[in-house]
Amino acid sequence: MASSGKILVVEDDQFLRELYQELLNDEGYEVETSADGEDGLAKMLNGGYDLVLLDIMLPKKDGLEILTELKTTSPKVPNGPVVLLTNLGQDAIIKQGFSLGASGYLIKSAMTPDQVLHEVKVFLTRSKDGKQ
1 MASSGKILVV EDDQFLRELY QELLNDEGYE VETSADGEDG LAKMLNGGYD
51 LVLLDIMLPK KDGLEILTEL KTTSPKVPNG PVVLLTNLGQ DAIIKQGFSL
101 GASGYLIKSA MTPDQVLHEV KVFLTRSKDG KQ
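132 is the number that full-length UniProt numbering gives the last residue of the sequence shown; the numbers go up by one with no jumps.
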């Protein structure tokens with residue numbers, strides 16, 4: 001339980017959303033979730049997250065639309081890095097995500113929960129060191 005930090009998981013797949021939430025809660029992180037892009041964007045605009053795990057393919061508003069809106073509308077409280085949750089074969093979309101400010105990406109189908117946890121810790125550490 002040494003970990004701390006506030007993480008937002010924006011993921012429409014209920015199984016993955018609950019898996020990530022449980023995984024991160026077990027490590028001591030405070031986790032909020034959103035099942036669609038509109039809710040995710042609203043939470044990101046309120047801000048204050050140390051890390052955001054953002055699915056690209058979402059109902060109502062996709063991850064890239066969220067990143068685009070965040071470029072023109074600043075959150076009330078700044079957020080830490082945004083990490084895209086993606087599936088294989090979305091290289092062009094990932095590149096676009098980076099150009100819109102994403103700090104990294106995780107390929108959902110290729111990662112075990114332990115690997116996801118490791119990556120979350122890496123992004124949070126980098127963010128705390130000021131190297132987003």
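Where is the CB? At the ideal position from N, CA and C, for every residue including glycine.
Cβ-heavy atom distance, residue i to the ligand ATP, below 7 Å
| i | result |
| --- | --- |
| K6 | Among the ligands in the structure shown, none appear at all, so the ligand ATP cannot be discussed. |
Spatially closest choice to residue i from the options, by CA coordinates
| i | options | result |
| --- | --- | --- |
| K121 | D55, L19 and Y29 | Y29 |
| K128 | S34, L58, V10 and P81 | P81 |
| D55 | G104, H118 and R126 | G104 |
| E69 | T86, Q90, G97 and N87 | G97 |
| K60 | Q90, L41 and T72 | L41 |
| T73 | F15, L23, N46 and T125 | N46 |
| A92 | P113, L64 and Q14 | L64 |
| E116 | D62, E22 and K95 | The residue you asked about is not Glu; residue 116 is Val in the sequence shown. Nearest option by C-alpha distance: E22. |
| E119 | D13, Y20, D12 and Q14 | Y20 |
| D62 | G89, S34 and L88 | S34 |
Burial state of residue i, where buried means 16 or more other Cβ atoms lie within 10 Å
| i | result |
| --- | --- |
| E18 | exposed |
| F123 | buried |
| D26 | exposed |
| L84 | buried |
| K43 | buried |
| S99 | exposed |
| T86 | buried |
| T125 | exposed |
| L24 | buried |
For residue j and residue i, believed in contact at Cβ under 8 Å, the rounded distance
| i | j | result |
| --- | --- | --- |
| L58 | V10 | 7 Å |
| G101 | L67 | 6 Å |
(message) Whether or not the region 68 to 79 and the region 108 to 117 are in contact is what I'm after, with contact meaning three or more pairs of Cβ atoms, one per stretch, closer than 8 Å; do they touch?
(response) Touching, no, given that fewer than three Cβ pairs across the two stretches are closer than 8 Å.
(message) Whether or not the region 49 to 61 and the region 3 to 16 are in contact is what I'm after, with contact meaning three or more pairs of Cβ atoms, one per stretch, closer than 8 Å; do they touch?
(response) These segments touch.
(message) Extract the residue ranges of the beta strand (DSSP E) inside the UniProt domain "Response regulatory" (6 to 123), only unbroken runs of 3 or more that lie entirely within it.
(response) Listed in chain order, the complete beta strand (DSSP E) runs (minimum 3 residues) inside the UniProt domain "Response regulatory" (6 to 123) are 6 to 10, 30 to 34, 51 to 55, 82 to 86 and 104 to 107.
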